[in-house]
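Asks:
Here's what the structure looks like:
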């Protein structure tokens, strides 16, 4: 009987080693993925670590983000590149979800924009982050107010222009997405006239040219 127990113990030990090795292999990709997020997020965030945007990131990425946020970060001063990118991703998700479905054309538009402005490697990480953010509820008014408080006005206009690009990625401009962008613009403190000028670049209306120039259709040539 002793040989039987010896073999049984050996089999149990081998099984333990195998299961431990398998768990390690499964967890490594996830660890690598989280590490990539950590490098991307932690590399250039200031005020976006806190407030509503920080809350969304916390829900999306869990303990990894909370550990980084526990360190020091600036709630004042200039907008860092990471602040702009994270704001862009959160607002992208809000507009993409506005009509109840996320379209492939919208994702492709976002990726092209990210590649053109931040490079291929950053774009790939950003798209993965966007997929996680899309799963989270987004209070666009709170997010908009946070952005309006810290981000300079020209950058806010750039964000809105980009959001209109997402909305019209498939050649159409759904009213529900226009209303979402209007809510974002108002929350960020963008003037109605500037919003109308941006909208006119994407909407075919008789008065679009006048809206871009911010004059009335009845204005004279001198005006």
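In the numbering used here, the protein residues as written are 441 to 663.
All C-beta atoms in this analysis are idealised placements derived from N, C-alpha and C, irrespective of residue type, glycine included.
1. Pull up the distance between the alpha-carbon of residue 571 and that of residue 636, whole angstroms please.
2. Which of the three DSSP states is assigned to residue 733 in this structure?
3. Between which two residues does the alpha helix (DSSP H) carrying residue 553 extend?
4. Per the contact definition of three or more C-beta pairs closer than 8 Å, is the region 558 to 570 in contact with the region 626 to 636?
5. Determine whether the beta carbon atoms of residue 534 and residue 624 lie at a separation below 8 Å.
6. With 16 other CB atoms within 10 Å as the buried threshold, where does residue 631 fall?
7. Based on Cα-Cα distance, which residue from 539, 579 and 628 lies nearest to residue 594?
8. Under the rule that 16 or more other beta-carbon atoms within 10 Å means buried, what is residue 619, buried or exposed?
9. Do you know offhand how far residue 613's Cα is from residue 606's?
10. Assuming residue 610 and residue 545 form a contact by the criterion Cβ under 8 Å, report the distance between their Cβ atoms to the nearest whole angstrom.
11. Leaving out the 5 sequence neighbours to the left and right, which residues in its chain are closer than 7 Å to residue 622 when beta-carbon positions are compared?
12. Helix, strand or coil for residue 643 per DSSP?
13. What span of residues does the alpha helix (DSSP H) with residue 598 cover, start to end?
14. Apart from the five residues on each side of it in sequence, which residues of its chain come closer than 8 Å, Cβ to Cβ, to residue 580?
15. Using a Cβ-Cβ cutoff of less than 6 Å, which residues in the same chain neighbour residue 527 once the five nearest sequence positions on both sides are dropped?
16. Using 8 Å as the threshold, is the C-beta distance between residue 529 and residue 566 below it?
Replies: On the basis of the data shown:
1. 30 Å
2. Absent from the structure is residue 733, since the part of the chain shown begins at 441 and ends at 663.
3. 544 to 558
4. no
5. yes
6. exposed
7. 628
8. exposed
9. 9 Å
10. 4 Å
11. 635
12. coil
13. 593 to 607
14. 531, 534, 620, 623, 624 and 627
15. 587
16. yes
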